[in-house]
Structure formats: C-alpha cells, structure tokens
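Throughout the sequence shown, residue numbering follows my numbering, covering 58 to 443 in sequence.
Positions of the beta carbon are idealized from the N, C-alpha and C atoms, including for glycine.
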Amino acid sequence: MDGNRRDFLKYSIAPLVVPATAFGANDRPSYGLIGAGGRGRYVSQTFQKLGAECVAIAEVYQPNTQAALKDAPQAKTYVDYKELLAQPGIDFVVVGTPDHQHCPNLLDSIAAGKDVYLEKPMSHSLEESKRMIAAVRKAKKIVQIGMQRRSAPMIHKAKKLVDEGILGRVSLVKPMWNWNVSRALNNTPLPGKLDWEQFCGKKKVNFEPMKFRSWRYFWAFSGGNMTDQGTHLMDVTQWFTNDSQGPLSAISYGQAQKNTGSEVPDVFTAVFEFPKHMAVWTLNYCSSYQDNWSITFQGDKGTMYLDESGFKVYKEPWREQANRTPIIDEAAGVPLEAHVQNFLDCIKSRQEPNCPVEIGASAVSGPHLANIAFKRGRQAKMSEHA
Numbered sequence: 058m059d060g061n062r063r064d065f066l067k068y069s070i071a072p073l074v075v076p077a078t079a080f081g082a083n084d085r086p087s088y089g090l091i092g093a094g095g096r097g098r099y100v101s102q103t104f105q106k107l108g109a110e111c112v113a114i115a116e117v118y119q120p121n122t123q124a125a126l127k128d129a130p131q132a133k134t135y136v137d138y139k140e141l142l143a144q145p146g147i148d149f150v151v152v153g154t155p156d157h158q159h160c161p162n163l164l165d166s167i168a169a170g171k172d173v174y175l176e177k178p179m180s181h182s183l184e185e186s187k188r189m190i191a192a193v194r195k196a197k198k199i200v201q202i203g204m205q206r207r208s209a210p211m212i213h214k215a216k217k218l219v220d221e222g223i224l225g226r227v228s229l230v231k232p233m234w235n236w237n238v239s240r241a242l243n244n245t246p247l248p249g250k251l252d253w254e255q256f257c258g259k260k261k262v263n264f265e266p267m268k269f270r271s272w273r274y275f276w277a278f279s280g281g282n283m284t285d286q287g288t289h290l291m292d293v294t295q296w297f298t299n300d301s302q303g304p305l306s307a308i309s310y311g312q313a314q315k316n317t318g319s320e321v322p323d324v325f326t327a328v329f330e331f332p333k334h335m336a337v338w339t340l341n342y343c344s345s346y347q348d349n350w351s352i353t354f355q356g357d358k359g360t361m362y363l364d365e366s367g368f369k370v371y372k373e374p375w376r377e378q379a380n381r382t383p384i385i386d387e388a389a390g391v392p393l394e395a396h397v398q399n400f401l402d403c404i405k406s407r408q409e410p411n412c413p414v415e416i417g418a419s420a421v422s423g424p425h426l427a428n429i430a431f432k433r434g435r436q437a438k439m440s441e442h443a
C-alpha cells in the first residue's frame, strides 16, 4: 500500500486537461453500459450527449433495462455483464453498478481489453483498491473514476488559491452533507423481473426487496453513506491539503434514525487524523438545513467555504466585522460533462485522465477506515490495514 500511496501524490497534482470538442458523427466511440439504474442511466445520457454511442446494456433488473433502452433503442441487452464484454465493436464500458460489483466489473472489463469509466466509490474495501490499481497499471488501460470535481474548473480555481497560501496554515477541515431524504425502507414486492444471483455476484445474501431497492443501506453491497458521497468530500479534503496519502486514523459514530430496516446510519460523525490537520465530518440525511454538500477549510489567515454553487473566502480574524464579508465570492457549478469529456479525450490521446485509479483509491481509503472504526466501535489506524 505504501508504494501506491506515493503514486497518489504524482497524480493528485496533475494539471487539468482542457476538454476538447465532442466526437464527430463519423468518429463516435461505442460503449457498453454495465448497470442501468438511475445513476448509470444519467451518466450514460451524458456520454450520448457528448457524442458517444451506447450499443449494449447489461442490467439485472428488467425495468431498468427498459428505461435505458429509451435513450439507446438499438442497444443489445444482457443480464450477465460478461456477455456484454464479449460483444464485438465496444470501445469502452461505463460501470454504474453497486459498490460490491465495482472490482469484478473493472477487472473483467480491462481483461477484455476495454477502457473503463467507473462510478465512485472505486472499491468496496481497502484490499480491493490494491488489486484494482495493480490490474489497471498492468493492463495499461484508460480508467476514469467518476469523481467529477476533479474536472471542474471552479474546484481547480479554489485549489490554486489554497496552494498560493490564501488560507495560511489549515488546521481544521469540516466536510458536511445534508439531505432530508431518509425514510423507512420499502420492502413491498418488486415489479418486474430481477436476477438476484447476478445482482449479488459472489455475495450470498437472502433476498428481500428492500435490499435491492436500497442496496446502499446494506454492508454486503456498499460502504453506506460514508463511502458514497463521503468519497467526494474526502477527495477534495485531501487534494486541497496535499494529504493524498490518506488519514492516519479515524473514529466514527452514527445512528439509523429514519431509514428503518437499514444496516447503515443516516446520521453520522467521523473524525480523521491527518499529519498536519484534522477533518471533522457530519452527514445528516434527515434535515435539509444547508442542503447538499459543503467543505469548510479553516486556516490561520482565512477560511474557505466550498459547495455545489461555488466558493467564498473570508479573511482572519473573523471577529472583526469587516471580515464578515468574503474577499472572494465565486459562483460556479460542478458539471458532469467536463469529467466525461475528459475521459473521451483520454481514450483518444491515451493520456492519463483527471481521476485515475490511484486518486480513486486514495479518496475512498479514509471512508473505508471510518467504516471499520464504526463497526468496531473504536479508533481505527491506517497502519493496521495498509
């Protein structure tokens, strides 16, 4: 793990690749979609918008397949994704499956000679991350992890300001995610046909409809909310503080308050120890106060508040009334298109994409560690798992 971590630094400071124009009508790359749930279809729509053609769909749940065919009516359909990988004429694959399938999907795809756009979180465990990095580097394929902040000009501008010292020494980072979406899990019968064994893969889990509908809330299939949205937050935290090797330790506490039936908390706090700063996280899916994500970087010269709509920078000391007005107020979003376009550019140029597997592994390593701490009820140290 230590050798891979050293590589994280090399990739985390790579310059942003400016998106080129979309593929032309006579130069359209063809791809297969593995996992056609809501997120998979959304990402697939973006690829088609930018000129790529979806020619195959692999999905275990028939209603999802039918929904995906509305955007790609000529695509061939499969239940087993390995059959999709055998289809001739596929240039790359887009993987939008649940977390537990990311590692086998990626390994099988690159073994089949495909480049891969893989949704985050990259892996379901620290051990999987190591295997995935080794396989990608051996195969020399282009793999982009779906962490779109890595291709957002607004985020790069904020990062440059931090590098230039506008905040001074950063001692505390406070990532947060608020959504009022939590509710009791739905365990009523599923409409439509589902291949549960294909969904589970190598996992042996008794079927309940809610385990498919809400797979993110079961440890067999995901790392919960910590590795889901938390991976985005960890990536930006580590990137901006130049701590891409990941936290030294973590503690985590949480509760399942409204998502009755879930194994995963919908309200939690985690504290991460880094060599030069602390990061204190909160995630609350039971309240929409300060809705969506935000990250606050507190330094001895200033504070940056970063969220979906842009960022603000405030001078120290905060207690002075004049410093309550931001000295920088940048309004911009985080479009998915730039990240998808970067991948499309890279499969043509064979250059490294903005979010390679080393960054994906680094970003999810801390959340994995926090989940270990949560399950054990005590502090977890990275040195014990490297």
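Item, Value
"Local conformation of L305 per DSSP, three classes", "coil"
"Contacts around E320, its chain only, beta-carbon distance under 7 Å, and the 5 residues preceding and following it disregarded", "Y274, F275 and W276"
"Stretch pair the segment 222-239 + the segment 332-339: three plus CB contacts closer than 8 Å", "yes"
"Which residues DSSP lists as bridging G97, in chain order", "Paired residues: none, contrary to the question."
"Closest by C-alpha distance to H425, when choosing among T288, T326 and I384", "T288"
"Sheet register partners of V324 (DSSP bridge)", "Q312 and N341"
"As assigned by DSSP and simplified to three states, the class of F149", "strand"
"Inter-residue Cα distance where the pair is T245 and P266", "6 Å"
"Straight-line gap, E441 to P232 (C-alpha atoms, nearest Å)", "25 Å"
"Whole-number beta carbon distance between A132 and A10, since they are thought to touch under 8 Å", "Since the first and last residues shown for the chain are 58 and 443, residue 10 lies out of range."
"Nearest residue (CA-CA) to G94, options R270, S306 and T353", "R270"
"Residues sharing a beta bridge with V136, DSSP", "Note: V136 sits in no beta bridge, so no partner."
"Inter-residue spacing [alpha-carbon to alpha-carbon] between K438 and N380", "38 Å"
"Top-ranked residue by Cα proximity to A420, from L363, Y310, R435 and T284", "T284"
"Burial state of I384, where buried means 16 or more other Cβ atoms lie within 10 Å", "exposed"
"Burial state of A196, where buried means 16 or more other Cβ atoms lie within 10 Å", "buried"
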